[in-house]
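Chemist: First the structure, then my questions, so here it is.
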Amino acid sequence: MGRQTEHRAPGNPRRSPERQGESREQPTEVGPVSAHTVIRCADWAITPDTTAEAPPLLHEMACTTCGDLSGTNEDFEKTRDWAFRHAGRNPSHTGYREIIHRSWRATLVR
Ligand SMILES: [Zn+2]
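Position 40, counted from 1, in the sequence shown is what the numbering used here calls 115; the numbers after and before it change by one each time, with no gaps.
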């Protein structure tokens with residue numbers, strides 16, 4: 076589930092005074108064109124991108140002491156090797172964070 080916003084130009088001459096000051100309407104109140112912003116409900120599905128053209132899943136390691144990054148690699152072992160080398164050169168840098176880069180895709184389902 077998600078929402079899309081559409082922006083409409085202000086200045087509708089039929090705008091009634093009691094509606095002034097409203098910045099948005101509920102989704103069911105889109106009938107009379109009087110709001111600056113109309114929110115329209117739409118159903119979205121967001122899933123991992125498994126298409127052939129999707130970029131591969133990439134691993135990355137970050138040192139939580141200095142923020143240095145391993146760079147991305149499809150092979151997790153390569154990023155872990157970077158962490159071993161980084162710890163060897165900087166014995167006080169003992170914390171690491173794994174970052175996974177996974178492509179996702181949003182599709183409108185209705
Ligand atoms: Zn470090």
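C-beta: ideal position from N, C-alpha, C; glycine also.
Closest by CA to His-168, which one among Glu-135, Ala-117 and Thr-139?
Modeler: It is Thr-139.
Chemist: Do you know how far the Cα of Trp-119 is from the Cα of Trp-179?
Modeler: Going by the C-alpha atoms only, they are around 12 Å apart.
Chemist: Look at Glu-135 and Ile-174 and say whether their C-beta atoms are less than 8 Å apart.
Modeler: The answer is yes: Cβ separation under 8 Å.
Chemist: Can you tell which of Arg-185, Phe-159, Thr-182 and Arg-177 has the C-alpha that lies nearest to the C-alpha of Leu-132?
Modeler: With distances taken between Cα atoms, Leu-132 lies closest to Arg-177.
Chemist: Just to confirm, is the Cβ distance from Tyr-171 to Ala-181 under 8 Å?
Modeler: Taking 8 Å as the Cβ cut-off, Tyr-171 and Ala-181 do not qualify as a contacting pair.
Chemist: Considering just the uninterrupted stretch of the alpha helix (DSSP H) at Ala-158, what are its terminal residues?
Modeler: Taken as a continuous stretch (DSSP letters only), the alpha helix (DSSP H) holding Ala-158 covers 151-164.
Chemist: Is His-168 near ligand 1 - that is, is its Cβ less than 7 Å away from at least one heavy atom of it?
Modeler: It does: the Cβ of His-168 is within 7 Å (strictly closer) of some heavy atom of ligand 1.
Chemist: Could you tell me the alpha carbon to alpha carbon distance between Arg-155 and Ala-137, rounded to whole angstroms?
Modeler: Distance between the alpha carbons of Arg-155 and Ala-137: 10 Å.
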